[in-house]
Amino acid sequence: MPADLSEVSTTSSSDPAERPLQLAVLLVGLAGAGLAAVGLAAMLQFHGRFSLGVGLMLVLYGLGVMAAAWLGHKRHLLAFGAMMSATLLHIAVIASTAQGSRATWLWWLEIPLVVTLVCLLMPSSLRALGRLPRTEE
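The sequence shown begins at 1147 in the working numbering and counts up by one.
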């Protein structure tokens, strides 16, 4: 038993059973970084207060999504809900935008989002995030 809690690792990088969660964390983090980058690009267009406001909100939302990914990396209890809700929201927004704009290329962005959902719902991910009881080995 470790002498203090600082010696306890909350993450496991070598366990193959944790790979689905690691992939979900990576994809959620990339989504957040992409949103923050789009927000920064909107702010740097200098089209006035509107683009500044939209850009700032996208940057803040992107940082929130990246925080959800960080919680997933740390196996925090709140990570599952945060990552799942962000992923579901992104699926809905992209599907709605793709249908409304006839931009068929947007449908390709749904693939990593569906992969994220599947990875989050796998029993190993649910166990790692405290949503299922741990099995005794």
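Where a beta carbon is used, it is the ideal one built from N, C-alpha and C, also for glycine.
All figures in this text were calculated on a predicted structure; none of them were measured in a lab.
Of the residues the options, the one placed nearest residue i, counting alpha carbons only
i       : options                            : result
Ala1183 : His1193, Leu1167, Leu1202          : Leu1202
Leu1172 : Leu1259, Arg1248, Phe1192          : Leu1259
Ala1225 : Leu1266, Ser1247, Glu1164, Ala1177 : Leu1266
His1236 : Val1261, Trp1216, Arg1221, Lys1220 : Val1261
Leu1181 : Ala1244, Ala1274, Leu1255, Phe1192 : Leu1255
Leu1234 : Ile1257, Trp1216, Glu1164          : Ile1257
Trp1216 : Thr1250, Arg1280, Gln1168, Arg1248 : Gln1168
Leu1209 : Leu1176, Phe1196, Ala1249, Gly1246 : Leu1176
Proximity of residue i and residue j at Cβ, strictly below 8 Å
i       : j       : result
Val1205 : Leu1186 : yes
Ala1232 : Val1174 : yes
Gly1276 : Leu1190 : no
Ala1179 : Gly1218 : no
Ala1214 : Ala1228 : yes
Pro1162 : Ser1271 : no
Leu1263 : Pro1269 : no
Ala1274 : Glu1164 : yes
First and last residue of the uninterrupted alpha helix (DSSP H) at residue i
i       : result
Leu1178 : Reading the sequence as shown, one finds Gly at residue 1178 and not Leu. First-last of the alpha helix (DSSP H) with Gly1178: 1165-1189.
Ala1244 : 1225-1247
Met1203 : 1195-1219
Thr1262 : 1256-1267
Check: residue i C-beta below 7 Å from any heavy atom of the ligand FAD
i       : result
Gln1168 : For the structure depicted, the ligand FAD is absent and the ligand set is empty, with no information on it obtainable.
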